[in-house]
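Numbers given in this note's numbering equal positions in the sequence shown, counted from 1, plus 5. I have placed the structure first, in the form of structure tokens, so that the comments after it can refer back to it.
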Amino acid sequence: MLCPGPVNTGFVQAADLEGLPIFERAVSAESVAQFGYDAMMKGKLLVINERIMGFMLNWLVPLMPRKLILNMSEKFMKKAHEC
């Protein structure tokens, strides 16, 4: 499973998510594809393409309950005025 993190695509504009801090460090779709391909070729089953916290997240996320991960993701995706 590839967890790409923030990716620089048209999704941010289409979903009206401009201005969210999480998308300030978005990476290109090409770099995510290469990262996923390289991980697949190494036989990795779960990889997270996050430069800053990738190592920690690769160890913690698989151990966390999925509901907690979904709740955290929801909070990251809400705009400040919606909270």
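C-beta: ideal position from N, C-alpha, C; glycine also. Every value quoted in this text rests on a predicted model; they were computed, and no experiment measured them.
| Own chain, CB closer than 6 Å to C8, minus 5 neighbours either side, in chain order | The residues are I53.
| task | Check the Cβ-Cβ distances between R71 and every residue of chain C, and say whether any is below 8 Å. | result | Absent from the structure is chain C; it holds one protein chain and no more.
| request: Could you tell me the distance, in whole angstroms, from the CA atom of E35 to the CA atom of M45? | output: Their backbone Cα atoms lie some 15 Å apart in a straight line.
| Buried or exposed: G15, going by 16 or more other Cβ atoms within 10 Å of its Cβ? | Residue environment: G15 is assigned as exposed (fewer than 16 neighbouring CB atoms within 10 Å of its CB, all protein chains considered).
| task | Evaluate the contact criterion for the segment 25-34 versus the segment 63-73: three or more CB pairs, one atom per stretch, below 8 Å. | result | With a cut-off of 8 Å on Cβ pairs, the segment 25-34 is not in contact with the segment 63-73, counting fewer than three such pairs.
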